[in-house]
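Peer 1: Residue numbers for the sequence shown follow the UniProt record's numbering, so the first one is 1 and each next one is one higher. All C-beta atoms, glycine included, are put in the ideal place defined by N, C-alpha and C. Computed from a prediction, not measured in an experiment: that's the story for all the values here. The structure that follows is given in the form of C-alpha cells.
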Amino acid sequence: MTTQGQQRTEDRVALVTGGTSGIGLAIALKLRADGLRVAVLDLDRPQAREVAAGHGLTFIGADLSRRPDCRCGIDEAVAALGGLDVLVNNAGFQHIDPIADFPEDTWDTMLAVMLTAPFLLSKYAWPHLRRSGQGRILNVASIHGQVASPYKAAYISAKHGVIGLTRTAALEGGAQGITANALCPAYVRTPLVENQIADQARTRGISTQQIEQTVMLEPAAIKQLLNPEDVAALASYVISPAAWGMTGAVLNLDLGWTAR
1 MTTQGQQRTE DRVALVTGGT SGIGLAIALK LRADGLRVAV LDLDRPQARE VAAGHGLTFI
61 GADLSRRPDC RCGIDEAVAA LGGLDVLVNN AGFQHIDPIA DFPEDTWDTM LAVMLTAPFL
121 LSKYAWPHLR RSGQGRILNV ASIHGQVASP YKAAYISAKH GVIGLTRTAA LEGGAQGITA
181 NALCPAYVRT PLVENQIADQ ARTRGISTQQ IEQTVMLEPA AIKQLLNPED VAALASYVIS
241 PAAWGMTGAV LNLDLGWTAR
C-alpha cells in the first residue's frame, strides 16, 4: 500500500461527475491545474460537450439515473485515460415541494442520481482505485446531509445517505489504499442556486438579495454565498497525496451554519 507522495501527480487520473458546470466544473479545473488528467461525466448534451472541449477535459456522456450508464461511465474513463485514481461523486439536482405533493417519479430519479449512482460508481471504480494504491473517493454532499430544511425531502434523504456511504467506504477501503471523504458546503453560487433564488424572489415578491440574506443564509454566521472555487480548493487538498491519512471525514464548509 502506498502512502505519502509515492505516485506522481501527473500520473493520476480523476473522474468528476456533474463536471461541466458549477461545483463539478470548478473541481475538475482545479484538479487539472494540480496536474491530474481529468475526465468529466455529465448528461450527453451539446453544451456539456462544448464546455469539456473548451477546457481540455475528457468528456463522458452518461445518465446516472440509469444503472448501466454508471458502469459504462467508469469503463469509458479508464479506457480513455488508462486508469482511475480519483472518483468525485458530485452530480445531482434539487426539487422543491412539500412531502405531500412531492412527485414520486422525481423522488426515484433523485435518489438514483444522488445516492445509488455514487454507490455504483464507487463499486465499479473500486478495483481501479485499489490498484492505484492511492485511491480517492470524494463525495460532494451538502450541509443538508447533516441538517434538514423543508420542501427538500429527496435531496436531504440522499445527502444523508451519501454521508453513511462515505463512512462505510472509508472503513472498507482503509486497508486497500482507498480513502473516502465527504464535503458538506452550504449554499454555493451555482446556476442551480441562482435559479432557486430568482424563483423564490418571484414567489415571495422580494428582491434576490433579500432571499439570499433572510432566507437562504439566515442560519449562517457568514452572510455570503460560497463560490464553486471555494469548494474546489478544499477538494484539491482532500484528493492530494498529502491527505493520505484523512478518511471517513465529513468536512463542513458551511459558513458557520452548524456552529449553533
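1) If I follow the unbroken beta strand (DSSP E) through Ser31, where does it start and stop?
2) Locate the alpha helix (DSSP H) running through Gly59, then write down its first and last residues.
3) Are Asn139 and Gly248 touching if we call contact CB-CB under 9 angstroms?
4) Would you kindly work out how many angstroms separate the C-alpha atoms of Pro161 and Gly145, rounded to a whole number?
5) Short check: CB of Lys159 to CB of His95, under 9 angstroms?
6) Contact defined as beta carbons within less than 8 angstroms: I believe Val13 pairs with Val86. What is the distance between those atoms, to the nearest angstrom?
7) Can you name the start and end residues of the alpha helix (DSSP H) that residue 262 belongs to?
8) Since I believe Asn90 is in contact with Gly19 (beta carbons under 8 angstroms), could you give me their beta-carbon distance rounded to a whole number of angstroms?
9) Among the residues of its own chain, which have a CB less than 6 angstroms from the CB of Thr116, if the five just before and after it don't count?
10) At the level of alpha carbons, what is the spacing between Pro228 and Lys123?
11) Taking the Cβ atom as the reference point for each residue, do Leu31 and Val78 lie within a distance shorter than 9 angstroms?
12) Thinking C-alpha only, which one of Pro46, Asp108, Asp11 and Ala52 is nearest Ala28?
13) Hey, quick one: how far does the beta strand (DSSP E) through Arg131 stretch, first residue to last?
14) Tell me which residues share the same chain as Thr2 and place their Cβ nearer than 7 angstroms to its Cβ, disregarding the 5 neighbours each side in the sequence.
15) How far does the beta strand (DSSP E) with Asn195 in it reach, from first residue to last?
16) When the Cβ atoms of the segment 105-116 are set against those of the segment 40-47, are three or more pairs found closer than 8 angstroms?
17) Taking just the CA atoms, how far does Thr17 sit from residue 269?
18) Are the beta-carbon atoms of Gly83 and Arg136 separated by less than 9 angstroms?
19) Whole angstroms are fine: how far does the CA of Ile222 sit from the CA of Ala259?
20) What I want to know is whether the C-beta of Leu253 ends up closer than 8 angstroms to one or more non-hydrogen atoms of the ligand SAM.
21) May I have the straight-line CA-CA distance separating Ile156 from Gln196, to the nearest angstrom?
Peer 2: Let me lay it out:
1) Here residue 31 corresponds to residue number 31 of the sequence shown, with the count starting at 1. The identity of residue 31 in the sequence shown is Leu, whereas the question assumes Ser. Under the DSSP assignment, Leu31 falls outside any beta strand (DSSP E), being part of the alpha helix (DSSP H) whose first and last residues are Gly22 to Ala33.
2) Within the sequence shown, residue 59 is the residue found at index 59, counting from 1. The displayed chain sequence assigns Phe, not Gly, to residue 59. From DSSP, Phe59 is part of no alpha helix (DSSP H) but of the beta strand (DSSP E) over Thr58 to Gly61.
3) Here the question's residue 139 lines up with position 139 in the sequence shown. Here the question's residue 248 lines up with position 248 in the sequence shown. Not closer than 9 angstroms, so no.
4) Within the sequence shown, numbered from 1, the residue matching residue 161 stands at position 161. Within the sequence shown, numbered from 1, the residue matching residue 145 stands at position 145. Residue 161 is actually Gly in this sequence, not Pro. Gly161 and Gly145: Cα-Cα distance of roughly 8 angstroms.
5) Working through the sequence shown from its first residue, we reach residue 159 at position 159. Working through the sequence shown from its first residue, we reach residue 95 at position 95. With contacts defined by Cβ atoms closer than 9 angstroms, Lys159 and His95 do not form a contacting pair.
6) Residue numbering aside, residue 13 sits at position 13 when the sequence shown is read from its first letter. Residue numbering aside, residue 86 sits at position 86 when the sequence shown is read from its first letter. Indeed they touch by this definition, with Cβ atoms about 7 angstroms apart.
7) In this structure the chain extends from 1 to 260, so residue 262 is not present and cannot be described.
8) Residue mapping note: residue 19 aligns to position 19 of the sequence shown, counting from 1. Residue mapping note: residue 90 aligns to position 90 of the sequence shown, counting from 1. Yes, Gly19 and Asn90 are in contact; Cβ-Cβ is about 7 angstroms, under 8 angstroms.
9) As a first step, residue 116 must be located in the sequence shown, where it is residue number 116. So the list is empty, once near-sequence residues are dropped.
10) For the purposes of this step, residue 228 is taken as the residue at position 228 of the sequence shown. For the purposes of this step, residue 123 is taken as the residue at position 123 of the sequence shown. Rounded to whole angstroms, Pro228 to Lys123 spans 27 angstroms at the Cα level.
11) On the sequence shown, position 31 is the one that residue 31 refers to. On the sequence shown, position 78 is the one that residue 78 refers to. It is not a contact, given that the beta carbons lie outside the stated cut-off.
12) Within the sequence shown, numbered from 1, the residue matching residue 28 stands at position 28. Among Pro46, Asp108, Asp11 and Ala52, the Cα nearest to that of Ala28 belongs to Ala52.
13) Working through the sequence shown from its first residue, we reach residue 131 at position 131. Unbroken run through Arg131 is the alpha helix (DSSP H), Ala117 to Ser132; no beta strand (DSSP E).
14) Against the sequence shown, residue 2 aligns to sequence position 2. Unreliable placement is indicated for Thr2, whose pLDDT of 41 sits below 50; the coordinate value is still reported in the next sentence. So the qualifying residues of the chain are Gly133, Gln134 and Gly177.
15) As a working mapping, residue 195 is identified with position 195 in the sequence shown. Residue range Pro191 to Arg204 is occupied by the alpha helix (DSSP H) that includes Asn195, with no beta strand (DSSP E) assigned at that position.
16) no
17) There is simply no residue 269 to check, as the chain begins at 1 and stops at 260 in what is shown.
18) Working through the sequence shown from its first residue, we reach residue 83 at position 83. Working through the sequence shown from its first residue, we reach residue 136 at position 136. Their beta carbons are not under 9 angstroms apart, which means Gly83 does not touch Arg136 by this criterion.
19) For the purposes of this step, residue 259 is identified with residue 259 of the sequence shown, where counting begins at 1. For the purposes of this step, residue 222 is identified with residue 222 of the sequence shown, where counting begins at 1. Their backbone Cα atoms lie some 11 angstroms apart in a straight line.
20) By its list of ligands, the structure shown contains no ligand whatsoever, and the ligand SAM lies outside what it can speak to.
21) Counting from one through the sequence shown, the residue named residue 156 turns up at place 156. Counting from one through the sequence shown, the residue named residue 196 turns up at place 196. Taking the straight line from one Cα to the other gives about 16 angstroms.
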